[in-house]
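Engineer: The structure is given below, and queries will be raised subsequently.
Residue numbers (this note's numbering): 1 to 596.
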């Protein structure tokens, strides 16, 4: 792997190592002392205990840089954590800081039930409270898997410290019978082949050994890669920090530079609120649309923005898509993988192409603006992964926002990964009341369904499942799959993986579990999808819908105790980021992006 994305190109005139500008009485180990009624005694005890680990007084006088360690045997996306920690610590010490590693919750999409989204807010609370409780002048947040980076940014935004994100990096691709394959778009493609009878058990098992060729996050533009690119667009990573694969030397060098920058941020008191501004979120949304990013990115950006008092304007985001085509040729919208994006120059190449549309004065963790970082990255080189505006892979933004009587609060569709022939469609509803109903009937030969029908799945929203699982990517009924059907219109109040594809309407708000209109769709109803008109409509009269609502009143679910009760009682809907209501900023001060 060549260092083609120049992730740590340094400019000595801009990256100045400042003297210790921190107040020695309010920094390092002297901050956030336990309350014993005697401040000096509190510090005396703290130093006594930490010296038990072999620290000298000279070491303990340095700025303390926390490192949030999300390593776990249950999380192969973070399987390079040991190497990253070593490199971050090296960078911190080279810059004169004292690294202090601490553990937090770690989430992997395939090892969390009912879904990792159910635990994202808990991880954000863990991160926030550890940043508040422990003495540190800045923090390095190491994460990668889907909900980890959003949780860390949410927690750090609420805590308010100088913070910098380090992405664990994507996995390498594998090879199956001379075909390059990678998780998890190809996972879904091959599983669909297996369900359709196009491959046998032996080939299914063969490809299973090749889809994940190394540790790291999914190698396509799934949610993890989306959040990596978004984090860099927000200004929260080292320039070039989104794209290096997990097992490369480039990723290790990014980690070292991250540690060095964390010390600089501590000295400069470059707090996260100076970076996560309305302009930064607008840049992130522009990038989300241009990379063919995961629909989950909208939910996560909304949650992060809510922590700093900003509201994502979904209508303005949709309008932004009219002038922001998909430029990145990565699966599932395109053909390539993250390692190819890195070889093509990574985010610097994409940001250079998007430069006329970006808010260039947005601050980054380097202390320079996004525009300055784009200029510092150089002129670029010939490549075919990031397309020019004149030759996009999709002429509009990857995501469209839909409204209508079925989704008064909005819904989303990833139009760049949908079948163009189905984006204007009227069909008969085939209704599944919940995931259990779906599992029991989807492969039945007796299921009354045709390729022109619309599959509807209820009870997979934030409260319904709970946790809004990625069950919106409903399988094609087996009898249709065997007949060659590859896509159908599917509608739910849940989510789908960023690695998935199809004509799938998601995040229907309000959800069915709290009495949203989706709850009242009946078998055989006609539904109209019009992506062109941004509409998703149940074709019944307002009177008929009102009668159904009156006949079947719905009480929102709750629980008796524990985190389950906290989640159900306080989680918000998709249009507010599925965050807990009490974790959002007390005052919402503005919207982003700003409507033109």
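Quick reminder that beta carbons are idealized off the backbone N, C-alpha and C, glycines included.
1. On the DSSP letters alone, give me the boundaries of the beta strand (DSSP E) that residue 69 sits inside.
2. Please report the residue range of the alpha helix (DSSP H) in which residue 393 lies.
3. Can you check whether the CB of residue 29 is closer than 8 Å to the CB of residue 63?
4. With 16 as the cutoff for other CB atoms within 10 Å, does residue 552 come out buried or exposed?
5. Threshold first: 3 residues or longer. Then list the beta strand (DSSP E) segments lying entirely within the segment 459-547, N to C.
6. Would you kindly check if the distance between the Cβ of residue 386 and the Cβ of residue 349 is under 8 Å?
7. Using a Cβ-Cβ cut-off of 8 Å (strictly less than) and excluding sequence neighbours within five positions of residue 589, which residues of its own chain qualify?
8. What is the rounded straight-line gap between the Cα of residue 330 and the Cα of residue 338?
9. Hey, how far is the Cα of residue 241 from the Cα of residue 376?
10. Name, in chain order, the residues that DSSP records as bridge partners for residue 170.
11. Which class does residue 576 belong to by DSSP, given the choice of helix, strand or coil?
12. With 16 as the cutoff for other CB atoms within 10 Å, does residue 567 come out buried or exposed?
13. Look at the alpha carbon of residue 663 and the alpha carbon of residue 85, and state the distance between them as a whole number of angstroms.
14. Note down the Cα distance separating residue 107 from residue 83, rounded to an integer number of angstroms.
15. Please report the distance separating the alpha-carbon of residue 116 from that of residue 362.
16. On the DSSP letters alone, give me the boundaries of the alpha helix (DSSP H) that residue 280 sits inside.
17. Find out if the Cβ-Cβ distance for the pair residue 429, residue 365 is shorter than 8 Å.
18. In three-state DSSP terms, what is residue 112?
19. Which residue marks the beginning of the beta strand (DSSP E) containing residue 353, and which one marks its end?
20. Consult DSSP for residue 28 and reduce its assignment to one of helix, strand or coil.
21. Residue 265 lies in the alpha helix (DSSP H); which residues open and close that run?
22. If you draw a straight line from the alpha carbon of residue 583 to that of residue 574, how long is it in whole angstroms?
23. Residues in its own chain within less than 8 Å of residue 503 by CB, not counting five upstream and five downstream?
24. Does the segment 536-554 come within contact of the segment 430-444, defined as at least 3 CB pairs closer than 8 Å?
25. Are the beta-carbon atoms of residue 398 and residue 326 separated by less than 8 Å?
26. Between which two residues does the beta strand (DSSP E) harbouring residue 100 extend?
27. Taking 8 Å as the threshold (C-beta atoms), are residue 210 and residue 175 in contact?
28. Straight-line CA distance for residue 400 to residue 314?
29. In three-state DSSP terms, what is residue 275?
30. If distances are taken between C-alpha atoms only, which option among 247, 94 and 466 comes closest to residue 112?
Structural biologist: Based on what the coordinates show:
1. Working through the chain shown from its first residue, we reach residue 69 at position 69. Looking at the DSSP string, the run of the beta strand (DSSP E) that includes residue 69 is 64-69.
2. Against the chain shown, residue 393 aligns to sequence position 393. No alpha helix (DSSP H) holds residue 393; DSSP gives it neither H nor E.
3. Numbered from its first residue, the chain shown carries residue 63 at position 63. Numbered from its first residue, the chain shown carries residue 29 at position 29. The answer is no: Cβ separation not under 8 Å.
4. Along the chain shown, read from residue 1 onward, the residue named residue 552 stands at position 552. With fewer than 16 other Cβ atoms within 10 Å, it is exposed.
5. 489-492, 504-509, 526-530 and 535-538
6. By one-based count along the chain shown, residue 349 stands at place 349. By one-based count along the chain shown, residue 386 stands at place 386. Yes. Within cutoff.
7. For the purposes of this step, residue 589 is taken as residue 589 along the chain shown, with counting starting at 1. The residues are 309 and 310.
8. Working through the chain shown from its first residue, we reach residue 330 at position 330. Working through the chain shown from its first residue, we reach residue 338 at position 338. Whole-angstrom Cα-Cα distance: 7 Å.
9. One-based indexing of the chain shown puts residue 241 at position 241. One-based indexing of the chain shown puts residue 376 at position 376. Residue 376 has its alpha-carbon roughly 15 Å from the corresponding atom of residue 241.
10. Residue mapping note: residue 170 aligns to position 170 of the chain shown, counting from 1. DSSP output for residue 170 lists 217 as bridge partner(s).
11. The sequence position of residue 576 within the chain shown is 576, counting from 1. In this structure, residue 576 counts as helix in the three-state DSSP scheme.
12. On the chain shown, position 567 is the one that residue 567 refers to. By the neighbour-count rule (16 or more Cβ atoms within 10 Å), residue 567 is buried.
13. Outside the shown range of the chain (1 to 596) lies residue 663, about which nothing can therefore be said.
14. Numbered from its first residue, the chain shown carries residue 107 at position 107. Numbered from its first residue, the chain shown carries residue 83 at position 83. Spanning the two alpha carbons is a distance of roughly 19 Å.
15. As a first step, residue 116 is located in the chain shown; it is residue number 116 there, counting from the start. As a first step, residue 362 is located in the chain shown; it is residue number 362 there, counting from the start. Going from the Cα of residue 116 to the Cα of residue 362 covers about 31 Å.
16. Here residue 280 corresponds to residue number 280 of the chain shown, with the count starting at 1. From DSSP, the alpha helix (DSSP H) with residue 280 extends over 278-290.
17. Locating residue 429 in the chain shown gives position 429, where the first residue counts as 1. Locating residue 365 in the chain shown gives position 365, where the first residue counts as 1. Contact flag unset, no.
18. By one-based count along the chain shown, residue 112 stands at place 112. The answer is coil: DSSP assigns residue 112 none of H, G, I, E or B.
19. On the chain shown, position 353 is the one that residue 353 refers to. No beta strand (DSSP E) holds residue 353; the alpha helix (DSSP H) holding it covers 347-354.
20. Here residue 28 is taken as the residue at index 28 of the chain shown, counted from 1. If DSSP states are grouped into helix, strand and coil, residue 28 belongs with the helices.
21. Start at 1 with the first residue of the chain shown, and residue 265 comes out as number 265. Per DSSP, the continuous alpha helix (DSSP H) segment holding residue 265 begins and ends at 249-268.
22. As a first step, residue 583 must be located in the chain shown, where it is residue number 583. As a first step, residue 574 must be located in the chain shown, where it is residue number 574. Each residue's alpha carbon lies about 15 Å from the other.
23. The count along the chain shown starts at 1 and reaches residue 503 at position 503. Cβ within range, chain order: 413, 418, 419, 422, 423, 425, 487, 488, 489, 490 and 529.
24. no
25. Sequence index remark: in the chain shown, residue 398 carries index 398 (1-based). Sequence index remark: in the chain shown, residue 326 carries index 326 (1-based). Cβ distance < 8 Å, so residue 398 and residue 326 count as in contact.
26. In the chain shown, residue 100 corresponds to position 100, counting from 1. Start and end: 98-103.
27. Position 175 of the chain shown, counting from 1, holds the residue named residue 175. Position 210 of the chain shown, counting from 1, holds the residue named residue 210. It is a contact, given that the beta carbons lie within the stated cut-off.
28. As a working mapping, residue 400 is identified with position 400 in the chain shown. As a working mapping, residue 314 is identified with position 314 in the chain shown. Residue 400 and residue 314: Cα-Cα distance of roughly 9 Å.
29. Within the chain shown, the letter at position 275 stands for residue 275. Looking at residue 275 - three-state DSSP - the assignment turns out to be coil, as it is neither helix nor strand.
30. Indexing the chain shown from 1 puts residue 112 at position 112. The candidate whose alpha carbon is nearest that of residue 112 is 466.
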